[in-house]
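Worksheet: one structure, shown below.
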Amino acid sequence: MADTAPRDGTTLEHELEAMLEIERFDPPAEFRRQALLSDPAVYEEAARDPQGWWARQAANLDWFEPWDAVLDDSDPPFYKWFTGGRLNASHNCVDRHVEAGIGDRVAYHWHGEEGERRDVTYADLHRDVQRFANALKELGVQAGDVVGIYLPMIPEVVVAMLACARIGAPHNVVFGGFSAESVKERMEFSEAKVLVTVDGARRKGRTAPIKATVDETMGDLASLQTIVVVRHAGLPDVPMTAGRDVFYDEVCAAADPVCPAESLDAEHPLFILYTSGSTASPKGILHTTGGYMTGVSATHRYVFDLKPESDVYWCAADVGWITGHSYIVYGPLANGTTSVMWEGAPDYPHRGIWWEVAERTRATILYAAPTAIRTFMKWGHELPARYDLSALRLLGSVGEPINPKAWLWYQQVIGGGRCPIVDTWWQTETGAIMITPLPGITSAKPGSATKPFPGVFADVVSESDGESVETGQGLLVLTQPWPSMLRTLYKEDERFVETYFARFGKETYLVGDAARRDRDGYLWIIGRIDDVVNVSGHRLSTAEVESAIVAHEKVAEAAVIGQSDEDTGQAIAAFVTLNGEIEGSDELVAEIGAVVAERIGKFARPKRIIWADDLPKTRSGKIMRRLLRDIAEGRALGDVTTLRDPGVMAALESQVNEAQAQEQ
Ligand code: PRX
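Everything in the sequence shown is counted per the numbering used here, starting at 586 for the first residue and increasing by one.
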């Protein structure tokens, strides 16, 4: 029986509303008693001597050579951590656990979409990673060469990442939801030598022929020498180009089974992960080995209060995003965790599947995105109540602000009122969690990510003069370097400095989010200040979507905004001006959606397209998105006097009203 007795929906709704009035949730006494960290002195201790604190965290890893200096800050913002130290991420994730005699511990309870199950132990990983690392070497991959990875949520994705780490080849993982064109762009930017992909990817009972689609776009990439294909979906007749394409199982079978982990410099690049910024061209975030591994292992241990001998930890993200890199792969494996890995969607084969998997695996920790929580909330509390979720002891949230109502629902319905919630704020750039409660110490306030992790220094500063704002709203900045910070944008040092360190100087990292600090010093993340949209926790640039939309031959101009959305946090709304006398139509909406799906991925398709005869522009020709957001969200219009033609707004408003009348 589940811990949460089924209650009638209305009563529950009222209870939640009433609880919103309550400000703080202290760590439950039971939880605090057993927590790894329960003394608030840890915050002061780390603040007094951050380098000492981080050095102690780094010492939990296995180093082949000790470091000479914890931090080299001689050339900001190009910081170096643990200089002179040597280590290997794959050794830390796998070998040392096998050497410590826990090789038969399950690293992943993998659950496939069609009910398949595979338990992968640390010893299994050790065997497979060595073979694939040798196979990559046979294929000509050397330390420093980039390897692309475009795989679904299957254990081989972890093996591929660790095999790269083992030989010092930075990986460049592309989320499976991105289109083949996006993969190509990312392979081209990073000059990847090898791409590891799959015959087909399964999604809700259908199989997408990934290899065939990849072939259509990847043919003319000069740098790409080999495509390795994992046989997963059992597709017959996978197209293979002789001399370029090989099967994963075949190269692994032929490879030498022993591949010692390379001893790599602490600053050796571990991976590149492309993310969206203000412009259409994605940014290649570069993370290195020693600092990143220190950051992810320490945060994973303390934020999730991890007890590797007894916990079953489930991070329900995709490995193609930073959350997957840091909290499905590197953090959990470094800590010897047993994780759940789920291949599929939250509603296939049925809407209770997450809870079924949680019950079956006796999951103790769940880390998910608010968008998923809101979806479950919509499906009703009766569904999770059918399953036994009593093993859960801690819940996490990531990727976007969590609204208090969803927070409370998560806490009550999924956590049975006994689990602390850690609302974790961070970014691809930060590598690891930066602002979060410590579950045995910090009182939570629903909707606030609370305080910086020990050793992290965050501030809210005024937009106009950069002065610290004691209480109130401003720009979020990080004022001291931290080990897992991005080192640069791959091959774009200038853009790195310009994007993050131009506004407030070379020692202050501009996050790109607005935030509010309350009277208790708690931080509340408001959202992005740049043209980045967060749809279901997926980060997209408006410019990226606009350039895909204008690729349609009938489109003259497009302006994309993120509009508040109950389900997905933000949703993409596109204002589109068509060429000449062309009229908007449902077919055109579908066609534009298809172009976006092909160029970026299905998840980037606009939820709403608004036909516009003209777009509001300043006299210098800049589109005023703020006004478009006001219109789309039905707010009173702000100042329009700076517009070249204020009449445009009246026309747009009536077009939007007309469209809304039709929608109803
Ligand atoms: O706006 C913030 C939001 O997600 C952005 C980072 O996106 P990405 O690099 O894709 O990484 C997402 C997973 C770490 C941030 O700039 N964000 C992330 N976590 C939170 C959040 N907003 C509010 N609360 C959070 N907990």
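For every residue, glycine included, the Cβ atom is placed at its ideal position computed from N, Cα and C. Note that this is a predicted model, so its numbers are computed, not measured.
Can you give me the Cβ contacts of Lys-722 inside the same chain, cut-off strictly under 7 Å, excluding the 5 residues immediately before and after it? Ile-752
Which residue's Cα is closest to the Cα of Gln-1294: Ala-631, Thr-1015, Val-1082? There is simply no residue 1294 to check, as the chain begins at 586 and stops at 1249 in what is shown.
With H, G and I counted as helix, E and B as strand and the rest as coil, what does DSSP make of Asn-677? helix
Cys-900 (DSSP reduced to helix, strand or coil): strand
Can you tell which of Gln-810, Val-836, Val-815 has its C-alpha closest to the C-alpha of Gly-828? Gln-810
What span of residues does the alpha helix (DSSP H) with Gln-619 cover, start to end? 614-619
According to DSSP, simplified to helix, strand and coil, what is Phe-856? strand
Say yes only if the C-beta of Trp-1011 is nearer than 7 Å to one or more non-hydrogen atoms of the ligand PRX, and no if none qualify. yes
Could you check what DSSP says for Met-926 in three-state terms: helix, strand or coil? strand
Across the segment 960-978 and the segment 989-998, are there enough close Cβ pairs to call them in contact, namely three or more that are closer than 8 Å? yes
Is Thr-1073 near Phe-1081, with beta carbons less than 8 Å apart? yes
Can you tell me whether Ala-1034 sits near the ligand PRX, meaning its C-beta is under 7 Å from at least one heavy atom of the ligand? yes
Applying the 10 Å Cβ sphere with the 16-neighbour rule, what's the burial state of Phe-649? exposed
Taking buried to mean at least 16 other C-beta atoms within 10 Å of its own C-beta, is Arg-1190 buried or exposed? buried
Decide if Val-843 is buried, meaning its Cβ has at least 16 other Cβ atoms within 10 Å, or exposed. exposed
Own chain, CB closer than 8 Å to Arg-1104, minus 5 neighbours either side, in chain order: Thr-1056
Just checking Thr-956 against the ligand GDP - is the residue's beta carbon closer than 7 Å to any of the ligand's heavy atoms? This structure lacks the ligand GDP; its bound ligands are the ligand PRX.
Buried or exposed: which applies to Gln-715, given that a residue is buried once 16 or more other Cβ atoms fall within 10 Å of its Cβ? buried
Alpha carbons only, please: which of Glu-1243, Gly-1232, Gly-921 is nearest the one belonging to Val-705? Gly-921
Evaluate contact between the segment 920-935 and the segment 1022-1029, counting only Cβ atoms and requiring at least three cross-stretch pairs below 8 Å. no
Once you ignore the five residues that flank Arg-1229 on each side, which residues in its own chain have a CB closer than 6 Å to its CB? Lys-1202, Arg-1204
For Asp-830 and Gly-686, what's the separation of their Cα atoms in angstroms? 38 Å
Cα-Cα separation between Ala-1246 and Glu-1168, rounded to whole angstroms: 18 Å
If contact is defined by three or more beta carbon pairs under 8 Å, each pair taking one atom from either stretch, is the segment 903-912 in contact with the segment 933-943? no
Segment limits, beta strand (DSSP E) that includes Ser-1126: 1123-1126
Return the residue from the list Ala-626, Thr-1153, Phe-1042, Gly-1059 that minimises the CA-CA distance to Ser-1049. Gly-1059
Integer Cβ distance of Gln-1240 from Ala-1197, believed to fall under 8 Å: 6 Å
According to DSSP, is Glu-606 part of a helix, a strand, or is it coil? Because the pLDDT of Glu-606 is 45, which lies under 50, any placement of that residue in the model is unreliable, and the number read from its coordinates should be weighed accordingly. Three-state result, Glu-606: coil.
Have a look at Glu-606 and Ser-1033 and give me their C-alpha separation to the nearest angstrom. Because the pLDDT of Glu-606 is 45, which lies under 50, any placement of that residue in the model is unreliable, and the number read from its coordinates should be weighed accordingly. The straight-line gap from Cα to Cα measures roughly 14 Å.
Can you tell me whether Asp-1171 is helix, strand or coil according to DSSP? helix
Among the residues of its own chain, which have a CB less than 6 Å from the CB of Ser-1132, if the five just before and after it don't count? Ala-865
Rounded separation between Arg-633 and Pro-651 - CA only: 23 Å
Proximity of Leu-806 and Lys-769 at Cβ, strictly below 8 Å: yes
Since Asp-896 and Thr-946 should fall inside the 8 Å C-beta cutoff, what is the C-beta to C-beta distance between them, to a whole number of angstroms? With 8 Å as the limit, Asp-896 and Thr-946 do not qualify as a contact, their Cβ atoms being about 11 Å apart.
Could you name the residues of the same chain whose beta carbon sits closer than 6 Å to that of Pro-986, not counting the 5 residues immediately before and after it, in chain order? Ile-1110
Taking only heavy atoms of the ligand PRX into account, decide whether any of them is closer than 7 Å to the Cβ of Arg-1124. yes
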